[in-house]
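Student:
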Amino acid sequence: MILRKAKRKQARIRTFLQGPSGAGKTYSALLMAFGLTDDWSAVAIIDTENHAADLYAHLGDYQVLTLEPPFTPERYIEALVTCELAGTKAVIMDSLSAEWTFILEAHGATTGNSYTNWSKFTPRHEALIQTILQSPCHIIATVRAKQDYVLTEKNGKQVPEKVGMKGITREGMDYEFTLVFEIDGRHQAKATKDRTGLFSNKPEFVLTADTGKQILHWCNTGTSQQQVQTLIQQAPDVATLRDLYATYPEFRQVLGPLFTQRKEQLQLISQPQSPNN
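Residue numbers (the working numbering): -2 to 274.
(1) Using DSSP bridges, identify the partner residues of residue 151.
(2) Looking only at its chain, what residues have a beta carbon closer than 8 Å to the beta carbon of residue 23, apart from the 5 residues adjacent to it on each side?
(3) Please confirm if the stretch 164 to 175 is in contact with the stretch 7 to 22, defined as three or more CB-CB distances below 8 Å between the two stretches.
(4) So, with DSSP's three-state summary, where would you put residue 250?
(5) Need the endpoints of the beta strand (DSSP E) that residue 87 sits in, please.
(6) For residue 232 and residue 259, which I take to be in contact (beta-carbon distance under 8 Å), what is that distance rounded to the nearest angstrom?
(7) Per DSSP, what kind of secondary structure is residue 127 in: helix, strand or coil?
(8) First and last residue of the alpha helix (DSSP H) that includes residue 178?
(9) Taking Cβ positions, are residue 144 and residue 170 nearer each other than 8 Å?
(10) According to DSSP, simplified to helix, strand and coil, what is residue 42?
(11) What first and last residue would you give for the beta strand (DSSP E) that runs through residue 241?
(12) Can you look up residue 73 in the DSSP assignment and give me helix, strand or coil?
(13) Could you give the DSSP three-state label for residue 146: helix, strand or coil?
(14) Let's test the definition: count the other Cβ atoms within 10 Å of the Cβ of residue 251 and tell me whether it reaches 16, buried, or not, exposed.
(15) Looking at residue 204 and residue 28, is the spacing between their C-beta atoms short of 8 Å?
(16) Roughly how many angstroms lie between the CA atoms of residue 105 and residue 31, to the nearest whole one?
(17) Which residues does DSSP pair with residue 139 in a beta bridge?
(18) Name the residue from 186, 107, 225, 164 whose alpha carbon lies nearest to the alpha carbon of residue 25.
In structure tokens:
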């Protein structure tokens, strides 16, 4: 176990857009993705919404992967990996609601104990989440939502009161994302979760390419692979090298040979010299 100081690395954003039909989730996601990449050809959209992604082809030459039913977690994973292998920098998953609807319907059709049957479906859903979190691409996921209500007592009567939007996805799915925007029917967005600090407690606004550029700047203010490589090469001792290894786990695989090489160099330097030398 190694205790270290907190340090933010260069990141890839995980953004969650939820709103009702017609709120402009797909359009907003495309503009944000362009802001993140500054290159339409580096944007891909996984379309489960009956070719809705093609409605905005006038914006630029982004790529579309049409995902047909069944909308299993495995098909989503395959689609995301396909986009990654194509060199895409930003992937829009439009929408994740279809995956959760599939899970619910498949679970409902399974015979036996309803509670224990979740052990067959939860790992599949979790595999999709982990694929999203580990992707080297910026991810923007859209989710269909409906207005959520609670009953409150007023003047002795139970009255429904709006409390925000409830996304059609697994409870707590939004916790996995860095940014969560709710978009209403007027195309106005507000951040309901914001680890970037860029949009917290701000008035409602329209999502644009500039929004993506702001997020990209936040992503790029961390430590880059090149900077970590320099730190490894300049490490004065094995203890410092070990600390770097613990601090930047995302670079272990790609910089593993360099870690090993520098460790061997430091161990050789630290060996006591023979009197004959």
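The beta carbon of each residue, even a glycine, is placed where N, CA and C say it ideally should be.
Tutor: So, from the listed chains and residues:
(1) 154
(2) 42, 46, 49, 50, 52, 53, 89, 91, 139
(3) yes
(4) helix
(5) 87 to 91
(6) 6 Å
(7) helix
(8) Residue 178 -> not in any alpha helix (DSSP H); beta strand (DSSP E) instead, spanning 176 to 180.
(9) no
(10) strand
(11) Taken as a continuous stretch (DSSP letters only), residue 241 belongs to no beta strand (DSSP E), being part of the alpha helix (DSSP H) at 235 to 244.
(12) It is helical.
(13) In the three-state reduction of the DSSP assignment, residue 146 falls in the strand class, which pools E and B.
(14) exposed
(15) yes
(16) Between the alpha carbons of residue 105 and residue 31 lies a distance of about 39 Å.
(17) 14, 91
(18) 186
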